[in-house]
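Residue numbers (the working numbering): 852 to 1037. A virtual CB, placed ideally from N, CA and C, is assigned to each residue, including glycine.
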Amino acid sequence: MNALLKLAESMRRALEVVALASGWLLVIMACVTTFDVVARKFGLQLPYTKLQELEWHFHAAIFSLWMGYCYTINAHPRVDTFTEMMSYRRRAWIELAGCLALALPYSALVAYYSLDFVAQSYRLGEQSDSTVGLTHRWIIKGVYAAGLWMVVLGVLSVLLRVIVFLFGEKSEREVNLQIGHVITDV
């Protein structure tokens, strides 16, 4: 069980490194957005559509590169009103079922087919008219595909923690399992 926990933690740490490093894209996106807004206010004649496309590229990259890590720290959208009165063990069983029946199959399938999505874009030489943003569409599609594979890693990391919690007789704090609420005093 300790090996599973170490593997889960390795996955979470790798996702954290990618997420925190890609967080710097927020600074760049904020600069581009600020420039776009200020230029409009001063009436400068610029290719605003191209600037907005660049902003969307940054937004897509940030979102994609944070998805997997967010799942591991319980910072993803979830409706907990149904489970808030349940015991933590019961929530873990629901998380296990959800990961195995829904999250893992879906995210793995979408991630698998995303590779073909990127490859087709590359083969077609799909391009954007924007010279400000990324001219080759396969790059941003590749970042999104990488983000989908990171979601798979995030789900696997949580799944391993749930398994160790349920079958390894360890506490939620020992496995750093954050489901249904956020542990704030670790």
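Excluding its 5 nearest sequence neighbours in each direction, Leu866 has C-beta neighbours in its own chain below 8 Å: Gly919, Tyr920, Thr923, Met1001, Leu1004, Gly1005, Ser1008, listed in chain order. According to the DSSP assignment, Phe886 belongs to the alpha helix (DSSP H) that extends over 875-892. Bridge pairing for Gln978: His987 [DSSP]. Your pair Val1013 and Ala943 checks out as a contact, with CB atoms roughly 5 Å apart and the cut at 8 Å. Per DSSP, reduced to three states, the secondary structure at Thr900 is helical. Sorting Glu1025, Met862, Ala859, Leu1017 by C-alpha distance to the C-alpha of Arg941 places Leu1017 at the top.
Contact check for Val969 and Gly993: beta-carbon distance about 5 Å, within the 8 Å limit, so the pair qualifies.
For Val1026, the three-state secondary structure derived from DSSP is coil. The shortest C-alpha to C-alpha distance from Leu916 to any of Glu1020, Ala859, Ser972, Arg863 is the one to Arg863. Closest by C-alpha distance to Ile945, out of Asp887, Leu1010, Leu905, is Leu1010. Apart from the 5 residues on each side of it in sequence, Ser958 sits with its Cβ closer than 8 Å to the Cβ of Leu999, Val1002, Val1003, Val1006 in its chain, given in chain order. Here Glu1023 is near Tyr939, since their CB atoms are less than 8 Å apart. Listed in chain order, the beta strand (DSSP E) elements of length 3 or more contained wholly in the segment 926-962 amount to none. Counting every other CB atom within 10 Å of its CB across the protein chains shown gives Ala996 a total of 16 or more, marking it as buried. A direct Cα-to-Cα measurement between Leu895 and Ile913 gives close to 28 Å. Spanning the alpha carbons of Ile991 and Glu1020 requires a straight line of approximately 43 Å. Each residue's CA atom was taken as its position, placing Glu1025 and Ser861 some 15 Å apart.
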